[in-house]
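Undergrad:
Protein chains: 2
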Amino acid sequence: METDGRYDCLKLENQLCFPLYACAKEVVRRYRPLLDELGITYTQYITMMVLWEHRSMSVKDIGETVCLDSGTLTPLLKKLEEKGFVERGRSPDDERVLTVTVTEKGMELRDRALSVPGAIASCIPLSAEDAVTLARILRDLKSALNAQ
Amino acid sequence: METDGRYDCLKLENQLCFPLYACAKEVVRRYRPLLDELGITYTQYITMMVLWEHRSMSVKDIGETVCLDSGTLTPLLKKLEEKGFVERGRSPDDERVLTVTVTEKGMELRDRALSVPGAIASCIPLSAEDAVTLARILRDLKSALNAQ
DNA sequence: TACTATTTAATTGTGTACAATTGAATCGAG
DNA sequence: CTCGATTCAATTGTACACAATTAAATAGTA
Numbered sequence: 001m002e003t004d005g006r007y008d009c010l011k012l013e014n015q016l017c018f019p020l021y022a023c024a025k026e027v028v029r030r031y032r033p034l035l036d037e038l039g040i041t042y043t044q045y046i047t048m049m050v051l052w053e054h055r056s057m058s059v060k061d062i063g064e065t066v067c068l069d070s071g072t073l074t075p076l077l078k079k080l081e082e083k084g085f086v087e088r089g090r091s092p093d094d095e096r097v098l099t100v101t102v103t104e105k106g107m108e109l110r111d112r113a114l115s116v117p118g119a120i121a122s123c124i125p126l127s128a129e130d131a132v133t134l135a136r137i138l139r140d141l142k143s144a145l146n147a148q
Numbered sequence: 001m002e003t004d005g006r007y008d009c010l011k012l013e014n015q016l017c018f019p020l021y022a023c024a025k026e027v028v029r030r031y032r033p034l035l036d037e038l039g040i041t042y043t044q045y046i047t048m049m050v051l052w053e054h055r056s057m058s059v060k061d062i063g064e065t066v067c068l069d070s071g072t073l074t075p076l077l078k079k080l081e082e083k084g085f086v087e088r089g090r091s092p093d094d095e096r097v098l099t100v101t102v103t104e105k106g107m108e109l110r111d112r113a114l115s116v117p118g119a120i121a122s123c124i125p126l127s128a129e130d131a132v133t134l135a136r137i138l139r140d141l142k143s144a145l146n147a148q
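As they're listed, the protein sequences go chains Z and A. The C-terminal position of the first sequence is numbered 148 in the working numbering, with every residue numbered one higher than the one before it. The C-terminal position of the second sequence is numbered 148 in the working numbering, with every residue numbered one higher than the one before it.
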């Protein structure tokens, strides 16, 4: 092993990005058992979240909101449609855009999902203070990354 | 749209986990052009990082270090072997364990990777202060999650 | 009006992720 | 010493994730 530290910057323990990547995966894993009961995945959950709020949206707008492209969203939305939570149809105004609309069953899912945020909060071991700080830093980081 | 806020906890903007998930993806994306020149992906990069440090490790130990299971690592290590960066072979002591060892070419890759951390640091828009705080919070979070 | 440029989803191809299962090797209690 | 339990890596199956390309529709311009 080296002692002079020429390669210290390539040690996993000195990386900032790795904890970010690892924590994100671990947190998503915590959602799994909760979302299994609703019959959806984490990615489907955040997609439903924006649809619960807006009722009806284009694939493009959904993608910009949840940071996913059509390569991920097209199959995901087809799955949500198969499960009966959304309907997909071309916009009459512009045949290029596909409008995704929440169904009645999709809105019922929202009520069943009400307990999820609380359950997650109670199993993510983060002090109230750190949670606020983390939220602030990540918000700033995301907008700075988008601005680049 | 609701005004009473019964569903506020299900709004994307009120989530802490989503920025974590989105920032992690965005940061990994920043690595892509840099790692493309080395011919590896981000996951392959963090795997090489632990191998550069330890030279030789079992799949299990690699997995615990980089938080990946054999389902992800087995195909990934085969790709690294095809590229000539590692060698895979069963341990003589215990035929169950597969020992992964960095090759000479793998060690040469390390020198070519030396510029990556600096390049990433300069394109991740985070103040020195926030970087330290973020690292601390994520480190605490990860160890608390592991302890559960 | 023609005709190019742009916008939009869908598709293709590669590479993670991970739960669950499998099968071989090893361990350990009786 | 033996046989059931455990430990490993590999495999199977499902679901992202995203760059690059495609194809259809629309917008913009000469």
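Cβ coordinates follow ideal geometry from the N, Cα and C atoms, glycine included.
Between L38 (chain A) and K105 (chain Z), what straight-line distance do the alpha-carbon atoms span, to the nearest angstrom?
TA: Looking up residue 38 (chain A) in the second sequence gives position 38. Looking up residue 105 (chain Z) in the first sequence gives position 105. Each residue's Cα considered, the two are about 48 Å apart.
Undergrad: Answer with yes or no whether the minimum CB distance from D130 (chain Z) to chain A is below 8 Å.
TA: Position 130 of the first sequence, counting from 1, holds the residue named residue 130 (chain Z). It does: the Cβ of D130 (chain Z) has a partner Cβ on chain A nearer than 8 Å.
Undergrad: Between which two residues does the beta strand (DSSP E) harbouring G89 (chain Z) extend?
TA: In the first sequence, counting from the first residue as 1, residue 89 (chain Z) sits at position 89. V86 to R90 is the span of the beta strand (DSSP E), which, as asked, contains G89 (chain Z).
Undergrad: Can you tell which of Z:L98, Z:L126, Z:V116 and Z:L138 has the C-alpha that lies nearest to the C-alpha of L34 (chain Z)?
TA: For the purposes of this step, residue 34 (chain Z) is taken as residue 34 along the first sequence, with counting starting at 1. For the residues Z:L98, Z:L126, Z:V116 and Z:L138, the minimum Cα distance to L34 (chain Z) belongs to Z:V116.
Undergrad: Are there 16 or more other CB atoms within 10 angstroms of the CB of L109 (chain A), so buried, or fewer, so exposed?
TA: Position 109 of the second sequence, counting from 1, holds the residue named residue 109 (chain A). Result: buried.
Undergrad: CA-CA distance, V50 (chain Z) and V27 (chain Z)?
TA: Walking along the first sequence from the start, residue 50 (chain Z) turns up at place 50. Walking along the first sequence from the start, residue 27 (chain Z) turns up at place 27. Each residue's Cα considered, the two are about 20 Å apart.
Undergrad: So what does S143 (chain A) bridge to, in DSSP terms?
TA: What you label residue 143 (chain A) is simply residue 143 of the second sequence in a count that begins at 1. Bridge partners of S143 (chain A): none, in fact.
Undergrad: Classify S58 (chain A) as helix, strand or coil using the three-state DSSP reduction.
TA: Taking the second sequence and counting its residues from 1, one reaches residue 58 (chain A) at position 58. Of the three classes helix, strand and coil, the one that applies to S58 (chain A) here is strand, per DSSP.
Undergrad: DSSP has T101 (chain A) in a bridge; who is on the other side?
TA: For the purposes of this step, residue 101 (chain A) is taken as residue 101 along the second sequence, with counting starting at 1. Its beta-bridge partners are A:S56 and A:E87.
Undergrad: Any idea what DSSP makes of R30 (chain A), helix, strand or coil?
TA: Residue mapping note: residue 30 (chain A) aligns to position 30 of the second sequence, counting from 1. Three-state DSSP puts R30 (chain A) in a helix.
Undergrad: So which residues of chain A does A135 (chain Z) contact, with C-beta pairs closer than 8 Å?
TA: Locating residue 135 (chain Z) in the first sequence gives position 135, counting from the first residue. Under the 8 Å cutoff, chain A gives L16 and P19.
Undergrad: Counting along the chain, where does the alpha helix (DSSP H) carrying T157 (chain A) start and finish?
TA: Any property of residue 157 (chain A) remains undetermined from this structure, which presents chain A solely from 1 to 148.
Undergrad: When we look at the beta-carbon of A119 (chain Z) and count the other beta-carbons within 10 Å, is it buried (16 or more) or exposed?
TA: Taking the first sequence and counting its residues from 1, one reaches residue 119 (chain Z) at position 119. Exposed.
Undergrad: I'd like to know whether the C-beta atoms of V59 (chain A) and V100 (chain A) end up nearer to each other than 8 Å.
TA: For this step, residue 59 (chain A) is matched to residue 59 along the second sequence. For this step, residue 100 (chain A) is matched to residue 100 along the second sequence. Yes; because the gap between Cβ atoms is below 8 Å, this pair is in contact.
Undergrad: By the DSSP assignment, the alpha helix (DSSP H) with S122 (chain Z) in it spans what residues?
TA: As a first step, residue 122 (chain Z) must be located in the first sequence, where it is residue number 122. Looking at the DSSP string, the run of the alpha helix (DSSP H) that includes S122 (chain Z) is V116 to C123.
Undergrad: Tell me whether T154 (chain A) is buried or exposed, calling it buried when 16 or more other Cβ atoms sit within 10 Å of its Cβ.
TA: Since the first and last residues shown for chain A are 1 and 148, residue 154 (chain A) lies out of range.
Undergrad: Using the C-alpha atoms, what's the distance from R90 (chain Z) back to Y7 (chain Z)?
TA: Residue 7 (chain Z) sits at position 7 when you count from the first residue of the first sequence. Residue 90 (chain Z) sits at position 90 when you count from the first residue of the first sequence. Their Cα atoms are separated by approximately 54 Å.
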